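Going left to right, the sequence shown walks through residues 1 to 84 as full-length UniProt numbering numbers them. Ideal Cβ positions, reconstructed from N, Cα and C, are used throughout, including at glycine. Note that the structure is a prediction, hence the values are computed from the model and not measured. See structure below.
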Amino acid sequence: SSDVVNPGNNLHVSGISLRVEDRDLEELFSKYGKVLKSQLMRDPHTRDPRGFGFVTMETAEEAEAAIAGLHGTELMGKPLSVEK
Numbered sequence: 001s002s003d004v005v006n007p008g009n010n011l012h013v014s015g016i017s018l019r020v021e022d023r024d025l026e027e028l029f030s031k032y033g034k035v036l037k038s039q040l041m042r043d044p045h046t047r048d049p050r051g052f053g054f055v056t057m058e059t060a061e062e063a064e065a066a067i068a069g070l071h072g073t074e075l076m077g078k079p080l081s082v083e084k
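Structure representation (structure tokens):
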């Protein structure tokens with residue numbers, strides 16, 4: 001097994017509404033496969049969400065499906081950007 005930094009299943013998600021919680025993100029992405037990890041980035045001091053996060057899918061194919069299905073779609077009124 002090779003130690004590739006991004007095997008293609010790790011997604012960067014931005015344009016996230018500040019009302020979105022980690023579980024909302026996980027629920028959304030789980031329509032496209034198994035979510036291994038979903039993490040909204042927060043300010044370390046205020047704990048306020050910073051509007052972006054990361055989602056790790058089980059496979060690169062599931063990640064591709066999530067990009068195809070979710071990039072540009074609205075979540076709580078804001079269009080998401082989903083990229084590798």
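What residue does the alpha helix (DSSP H) around leucine 70 start on, and which one ends it? Stepping through the sequence shown from its first residue, residue 70 is reached at position 70. Here the alpha helix (DSSP H) through leucine 70 covers 60-70.
Which residues does DSSP list as the beta-bridge partners of threonine 56? As a position in the sequence shown, residue 56 is number 56, starting the count at 1. Its beta-bridge partners are Asn10, Lys37.
Can you tell me where the alpha helix (DSSP H) holding glutamate 26 begins and where it ends? As a first step, residue 26 is located in the sequence shown; it is residue number 26 there, counting from the start. Looking at the DSSP string, the run of the alpha helix (DSSP H) that includes glutamate 26 is 22-29.
Return the CA-CA distance between histidine 12 and threonine 46, expressed in angstroms with no decimal places. One-based indexing of the sequence shown puts residue 12 at position 12. One-based indexing of the sequence shown puts residue 46 at position 46. Rounded to whole angstroms, histidine 12 to threonine 46 spans 22 Å at the Cα level.
Assuming glycine 69 contacts serine 14 (C-beta within less than 8 Å), just tell me the rounded distance between them. Residue numbering aside, residue 69 sits at position 69 when the sequence shown is read from its first letter. Residue numbering aside, residue 14 sits at position 14 when the sequence shown is read from its first letter. That pair is no contact at about 16 Å.
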